[in-house]
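Colleague: I'd like to ask you about the structure that follows.
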Amino acid sequence: MRDVRNLIVELTNSEKDFLIYILDKLIKAKGYKLIVLRDQLVKLGYADKTIRNVIRLLAVAEIIKHHSTGRKQELISVCGIASFYNLIKELGVR
72 MRDVRNLIVE LTNSEKDFLI YILDKLIKAK GYKLIVLRDQ LVKLGYADKT IRNVIRLLAV
132 AEIIKHHSTG RKQELISVCG IASFYNLIKE LGVR
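The sequence shown begins at 72 in my numbering and counts up one residue at a time.
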């Protein structure tokens with residue numbers, strides 16, 4: 072697993088905004104599982120590339136697992152709960 076601080080430093084501003092958004096949604100989700108609909112996120116102003124980059128970075132850091140359930144849909148679940156909480160604490164989410 073990579074260090075959480077290094078993960079945050081590598082992100083662009085738009086990726087960091089999306090990361091905070093997705094972490095907030097995961098906190099509120101039951102069982103730390105969430106279905107991400109890319110079309111809805113693009114309508115909110117997030118670029119498809121930004122969405123993919125953040126999800127991949129979280130997966131590489133072993134914080135989440137993601138499964139593609141459709142063409143524009145992904146199931147995200149938290150697998151590294153300690154790293155997840157460290158990331159929340161580092162970003163000041165909630």
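Just so it is clear, CB atoms sit at the ideal spot from N, CA and C, and this is done for glycine as well.
Remember, it's a predicted structure, so these values are computed and weren't measured experimentally.
In angstroms with no decimal places, state the Cα-to-Cα distance between V107 and K96.
Modeller: Within the sequence shown, the letter at position 36 stands for residue 107. Within the sequence shown, the letter at position 25 stands for residue 96. Approximately 10 Å, taken between the alpha carbons.
Colleague: How far does the beta strand (DSSP E) with I93 in it extend, from its first residue to its last?
Modeller: To locate residue 93, count along the sequence shown from 1; it is residue 22. Here I93 belongs to no beta strand (DSSP E); instead the alpha helix (DSSP H) covers 84–99.
Colleague: How long is the line joining the alpha carbons of Y117 and L158, rounded to whole angstroms?
Modeller: As a first step, residue 117 must be located in the sequence shown, where it is residue number 46. As a first step, residue 158 must be located in the sequence shown, where it is residue number 87. Going from the Cα of Y117 to the Cα of L158 covers about 21 Å.
Colleague: So what's L146 in DSSP terms, helix, strand or just coil?
Modeller: Along the sequence shown, read from residue 1 onward, the residue named residue 146 stands at position 75. It is a strand residue.
Colleague: Could you pull the DSSP bridge partners for I135 from this structure?
Modeller: If you number the sequence shown from 1, residue 135 lands on position 64. Answer is V149.
Colleague: Using only the alpha-carbon positions, how far apart do R109 and R123 sit?
Modeller: Translated into the one-based positions of the sequence shown, residue 109 becomes position 38. Translated into the one-based positions of the sequence shown, residue 123 becomes position 52. Approximately 9 Å, taken between the alpha carbons.
Colleague: Can you tell me which of the three DSSP states M72 falls into?
Modeller: The residue labelled residue 72 in the question sits at position 1 within the sequence shown. Its pLDDT being 49, under 50, M72 is placed unreliably by the model, and the measurement read from it follows with that caveat. Coil.
Colleague: According to DSSP, what are the bridge partners of V107?
Modeller: Here the question's residue 107 lines up with position 36 in the sequence shown. Partner(s): E145.
Colleague: Going by C-alpha to C-alpha distance, which of F89, T83, G141, V75 sits closest to I126?
Modeller: If you number the sequence shown from 1, residue 126 lands on position 55. Among F89, T83, G141, V75, the Cα nearest to that of I126 belongs to F89.
Colleague: Straight-line CA distance for M72 to V131?
Modeller: Residue 72 sits at position 1 when you count from the first residue of the sequence shown. Residue 131 sits at position 60 when you count from the first residue of the sequence shown. Per-residue confidence for M72 stands at a pLDDT of 49, beneath the threshold of 50, marking its modelled position as unreliable; no derived number is given.
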